[in-house]
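Here the working numbering is used: the first residue of the sequence shown is 9, the next is one more, and so on. All C-beta atoms in this analysis are idealised placements derived from N, C-alpha and C, irrespective of residue type, glycine included.
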Amino acid sequence: MIRKIHILYDGECGFCRTCRDWILLQPRFFEIEMLDRRDPDTKARFGDYTVPPYTDRMVVINNEDGVYYAEDAYIMILFALKNYRAWSVRISRQGVKPLARQFFETLGKNRRVLSKLIHHT
Numbered sequence: 009m010i011r012k013i014h015i016l017y018d019g020e021c022g023f024c025r026t027c028r029d030w031i032l033l034q035p036r037f038f039e040i041e042m043l044d045r046r047d048p049d050t051k052a053r054f055g056d057y058t059v060p061p062y063t064d065r066m067v068v069i070n071n072e073d074g075v076y077y078a079e080d081a082y083i084m085i086l087f088a089l090k091n092y093r094a095w096s097v098r099i100s101r102q103g104v105k106p107l108a109r110q111f112f113e114t115l116g117k118n119r120r121v122l123s124k125l126i127h128h129t
């Protein structure tokens, strides 16, 4: 049973930091630990997931050693949040998941631009 997830994000990305702050404000079903993948402690704990090909994507690792990245990471985060679990179920369905993948890939590719738009660098 999932009791905790670790979310590895890019602490130098303003968009990622904004997402981190938003996630931490949400009511959740289980514990969420946000970790800057560039932090030496994070690298020591989760080394394989702090280097390419994971560095362009948010990575989620649960307490059962399940690893999620790309759209699956975002879906797992929504699954952890009380107000968004239903959305995680909807977008994980076979017919919808390719659209979710495209949406989250677009977000990831444009996160630097989004950071500038929200005045974070």
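What's the call for residue i, buried or exposed, on a 16-neighbour Cβ count within 10 Å?
i, result
"F37", "exposed"
"T63", "exposed"
"L16", "buried"
"A94", "exposed"
"M9", "exposed"
"P60", "exposed"
"R11", "exposed"
"A52", "exposed"
In three-state DSSP terms, what is residue i?
i, result
"R98", "helix"
"R11", "coil"
Bridge partners of residue i, per DSSP?
i, result
"L16", "L43 and V67"
"R36", "L89"
"V75", "I69"
Could you pull the start and end residues of the alpha helix (DSSP H) that residue i belongs to?
i, result
"Y57", "Unbroken run through Y57: none, as it is neither H nor E."
"Y137", "With the chain running from 9 to 129 in the structure shown, residue 137 is simply not present."
Count the C-beta pairs between the stretch 21–31 and the stretch 69–77 that are closer than 8 angstroms, then say yes if the count reaches three, no if not. no
I want to know whether the stretch 80–90 touches the stretch 33–50 - three or more CB-CB distances under 8 angstroms. Contact between the stretch 80–90 and the stretch 33–50 is present, because at least three Cβ pairs lie under 8 angstroms.
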